[in-house]
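**Q** Those protein sequence lines, which keep their order, are chains L and V.
Under my numbering, the first residue of the first sequence carries the number 1, and numbering increases by one thereafter.
Under my numbering, the first residue of the second sequence carries the number 1, and numbering increases by one thereafter.
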Amino acid sequence: AQTVTQSQPEMSVQEAETVTLSCTYDTSESDYYLFWYKQPPSRQMILVIRQEAYKQQNATENRFSVNFQKAAKSFSLKISDSQLGDAAMYFCATAGGNQGGKLIFGQGTELSVKP
Amino acid sequence: DAGITQSPRHKVTETGTPVTLRCHQTENHRYMYWYRQDPGHGLRLIHYSYGVKDTDKGEVSDGYSVSRSKTEDFLLTLESATSSQTSVYFCAISESWETFLRGDFGPGTRLTVT
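Next up, the structure:
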């Protein structure tokens, strides 16, 4: 079974500052993927960044980067130079390598950005 | 953006009535998924399809059925709606890991059961 836990229901950051969202997971899969999704008030699910578990190098995507600690089963998201448009609900998710889009999501962290 | 539409976008229905939600894609992708989103739970998989007429259950399938008679359409049916099925429903599609990694979700359907 796979589980994903986001222990921070809400976070706040000042514009232009850096914020880190936490995520821990548990999986019995040997080959798996990890994701961060952004959900703005429009409800659209937007993929922010992904990490293949077999890759040791942390994924980066512009201002977004992850800290992947495989042994600790931790997958945190760092947002640098926060912008007002970053305000949204963020979901961490995982899926087994042989299970396509059968994603398991965490509960979400609501991020607010203060001007 | 991927060509995924959901209909209706909003629906209010009464307890005990049947409801069908439609997901339509123009990408010709093989895999289609239905998720529900509730506060405190993130998104949870209801059912998925890995081809025409090929479907399987997800983690919260009780009270739901699905059908896929064409590649482009995946229907989710609540045979007798209950208040616990009030939720936002998302459809997702993928052809392979490479395409799913774009994160192709539909816009969502808000269903309220009174």
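Backbone N, C-alpha and C define an ideal beta-carbon position, used for all residues, glycine too.
(1) Between the Cα of S84(V) and the Cα atoms of T13(V), G3(V), D73(V), which residue gives the shortest distance?
(2) Just by C-beta distance, which residues in the stretch 41-56 of chain V are closer than 9 Å to chain L?
(3) Just the chain L side, please: which residues come within less than 9 Å of V88(V) by C-beta, in chain order?
(4) As a quick exercise: from G3(V), F105(V), H10(V), pick the residue whose alpha carbon is nearest that of Q44(L).
(5) Report buried or exposed for G16(V), applying the criterion of at least 16 other Cβ atoms within 10 angstroms of its Cβ.
(6) Spatial neighbours of R110(V) within its chain, please: C-beta separation below 6 Å, excluding the five flanking residues on both sides.
(7) Pull up the DSSP beta-bridge partners for T112(V), would you.
(8) Does the beta carbon of F91(L) sit closer than 8 Å to a beta carbon anywhere in chain V?
(9) Compare the C-beta of G96(L) with all C-beta atoms of chain V and state if any pair is closer than 8 Å.
(10) Who are the neighbours of G108(V) on chain L, taking C-beta pairs under 7 Å?
(11) Buried or exposed: which applies to K38(L), given that a residue is buried once 16 or more other Cβ atoms fall within 10 Å of its Cβ?
(12) Just the chain L side, please: which residues come within less than 9 Å of F105(V) by C-beta, in chain order?
(13) Is the shortest distance between the beta-carbon of G168(L) and the beta-carbons of chain V less than 8 Å?
(14) Check each candidate in R36(V), E95(V), Y64(V), V52(V) and name the one with the smallest Cα separation from E27(V).
(15) What residues from chain V crowd round Q56(L), counting only those whose CB sits closer than 7 Å?
(16) Determine the contact status of L75(V) and I46(V), defining contact as a CB-CB distance below 8 Å.
(17) Which one of T20(V), Y48(V), K70(V), Q25(V) has the shortest CA to CA distance from S61(V)?
(18) So which of V19(V), G108(V), G51(V), F90(V) has the shortest CA-CA distance to T114(V)?
**A** Walking through what the data contain:
(1) T13(V)
(2) H41, G42, L43, R44, L45, Y48, Y50
(3) R43
(4) F105(V)
(5) exposed
(6) H10, V88
(7) V12(V)
(8) yes
(9) no
(10) R43
(11) buried
(12) Y37, Q44, M45, I46, L47
(13) Since the first residue shown for chain L is 1 and the last is 115, residue 168(L) is missing from the structure and cannot be characterised.
(14) E95(V)
(15) Per Cβ cutoff of 7 Å: no residues; Q56(L) is ~19 Å from chain V at best.
(16) no
(17) Y48(V)
(18) V19(V)
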